[in-house]
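I have placed the structure first, in the form of structure tokens, so that the comments after it can refer back to it.
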Ligand code: SAM
Ligand code: SF4
Ligand code: F3S
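Residue numbers (my numbering): 6 to 437.
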């Protein structure tokens, strides 16, 4: 039996698809190679923005065509969009056979007749699954918590993923130990808000700094530890100290700011203001020299005036993020902001979005120019887009770098001298 899995959305979804794939392979299934050959297609979906959902609708349309030639093929939709829309995905001559929301993923097992797989929930409690399949295992993503309690007013995640649940540290350590045999070089600890990781063990509370510090001292082949995502209101002094004092925790923090206006931050229910954010960034930069900070920004949130928007631009100049994921606001049914007045016109949202993209490009370029001539440690991840004689890698700060090199360097650390820049990507030279 052959399967085909497609995944949309965040790293958490990707990690879960990897876990699912691992279990399918363990139950004797084979990867189809091309979607046409699969007897079962699973689309693991995202609902965070309408644009994400539109893409998935496009894929459903594509599979409808494939099913004309292969009517036996089963199409399963799972993940956050499945949770949000449920059986609506099966309406109107849809090719979708089954829909399993985030809380029902274990039912996929019954559907495909393998009862021993994909138990994502047990007695209503989220179950974390091993997510490394050996493929690209030099870089592994490890979910340490699931769900979110923050209810930012624009965000669907708390509704489709449920409340926060932290993973048993013993289970995390077991997964880490088993990674050593794959010679893993980099791990990323995942959670919608990793800073609020909390686990009570024998009456002792283990918080995120405790967990990451224990991981830092346990790992052997793993030289880079990353974590995603940090909510600014929960990033503690203790965590900054832990990063500063641990050589194998990357000096890179993804710290979504969302807006630079206190009024908008309050409407977003982010529970910090720009003063708090700047103070936090100052502490991070003072205590972790050379740290890079990246962010997420939303433009055109309801009520965002031109002045509010300019404040976001000013914050970007003050903090000098090395990169930013930028989005225009998408109203999501069921969230608090969906009913907010003063919606911003699409034209304005898009205009502001293109202005912050330009501003971020300028800042990223300026920061990267300061690094020309330096020799940096690079984890080579793949061939470059253009040539099999060039490799694409990442620096500790999570910047992309292309350099001449052969296949044997992939999955390994290399010393690379930064020579020039092409857009925001460094061009480097391998130092043997
Ligand atoms: N938990 C993370 C945090 O609080 O920063 C982020 C999770 S979310 C999957 C990733 C990003 O999507 C958010 O940081 C936000 O910028 C963006 N986002 C979420 N909901 C959105 C919406 N309704 N419209 C536009 N962007 C949105
Ligand atoms: Fe969404 Fe906010 Fe939770 Fe992030 S912290 S997942 S933006 S509700
Ligand atoms: Fe999307 Fe769900 Fe992740 S909505 S961003 S796949 S938690």
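In this text, a Cβ means the ideal position worked out from N, Cα and C, and glycines have one as well.
| Item | Value |
| --- | --- |
| Measure the beta-carbon distance from residue 192 to residue 248 and round it to whole angstroms, keeping in mind my assumption that it falls under 8 angstroms. | With 8 angstroms as the limit, residue 192 and residue 248 do not qualify as a contact, their Cβ atoms being about 15 angstroms apart. |
| Between which two residues does the beta strand (DSSP E) holding residue 89 run? | It is not in any beta strand (DSSP E) - residue 89 instead sits in the alpha helix (DSSP H) that spans 85-90. |
| Judging by CA-CA distance, which residue of 347, 22 and 419 is the nearest neighbour of residue 397? | 419 |
| According to DSSP, simplified to helix, strand and coil, what is residue 145? | strand |
| Hey, which residues come within less than 6 angstroms of ligand 2, measuring from Cβ to any heavy atom, in chain order? | 153, 155, 156, 157, 160, 162, 163, 197, 198 and 236 |
| With respect to the beta strand (DSSP E) encompassing residue 385, which residues constitute its N-terminal and C-terminal limits? | 380-388 |
| For residue 135, which residues of its own chain have a beta-carbon under 7 angstroms away from its beta-carbon, when the five flanking residues on both sides are left out? | 24, 27 and 180 |
| Based on the DSSP secondary-structure assignment, which residues constitute the bridge partners of residue 324? | Note: residue 324 sits in no beta bridge, so no partner. |
| Check each candidate in 341, 284 and 187 and name the one with the smallest Cα separation from residue 224. | 187 |
| Once the 5 residues before and after residue 49 are set aside, which same chain residues still bring their CB inside 8 angstroms of it? | 10, 11, 12, 13, 14, 18, 21, 22, 25, 83 and 84 |
| Would you call the region 385-392 and the region 333-352 in contact, with 3 or more CB pairs under 8 angstroms? | no |
| Can we say the region 254-274 touches the region 317-337, given the rule of at least three CB pairs closer than 8 angstroms? | yes |
| Using 8 angstroms as the cut-off, classify the Cβ of residue 150 as near or not near the heavy atoms of ligand 3, replying yes or no. | no |
| I need the DSSP call for residue 197, collapsed to helix, strand or coil. | coil |
| Got a sec: does ligand 1 put a non-hydrogen atom nearer than 8 angstroms to the Cβ of residue 14? | yes |
| Which stretch, first to last residue, makes up the beta strand (DSSP E) that contains residue 8? | 7-12 |
| Could you pull the DSSP bridge partners for residue 333 from this structure? | 304 |
| Does the distance from the CB of residue 162 to the CB of residue 106 come in under 9 angstroms? | no |
| Tell me, which residues are paired with residue 338 by DSSP? | None; residue 338 has no bridge partner. |
| Give me the Cα-Cα distance between residue 44 and residue 55, rounded to the nearest whole angstrom. | 29 angstroms |
| What are the residues that DSSP puts in a beta bridge with residue 167? | None, per the DSSP bridge assignment. |
| Does the Cβ of residue 18 lie closer than 8 angstroms to at least one heavy atom of ligand 4? | Absent from the structure shown: ligand 4. Ligands present: ligand 1, ligand 2 and ligand 3. |
| For the beta strand (DSSP E) holding residue 218, just list the boundary residues, first then last. | Note, residue 218: premise wrong, no beta strand (DSSP E); alpha helix (DSSP H) at 213-223. |
| Taking 8 angstroms as the cut-off, does the CB of residue 53 come closer than this to any heavy atom belonging to ligand 3? | yes |
| With a threshold of 8 angstroms, are at least 3 pairs of Cβ atoms found where one atom belongs to the region 341-351 and the other to the region 277-284? | no |
| Could you tell me which residues DSSP puts in a beta bridge with residue 232? | 194 |
| Among 30, 260, 197 and 251, which one has its Cα closest to the Cα of residue 156? | 197 |
| Is the closest heavy atom of ligand 1 to the C-beta of residue 317 under 8 angstroms? | no |
| Cβ of residue 379 within 8 angstroms of any heavy atom in ligand 1? | no |
| For ligand 3, any of its heavy atoms closer than 8 angstroms to the Cβ of residue 338? | no |
| Under 8 angstroms: does the beta carbon of residue 83 sit that close to some heavy atom of ligand 3? | no |
| Identify every residue that forms a DSSP beta bridge with residue 263. | 302 |
| Return the first residue and the last residue of the alpha helix (DSSP H) that residue 24 is part of. | 16-31 |
| Between residue 259 and residue 212, is the Cβ-Cβ spacing less than 9 angstroms? | no |
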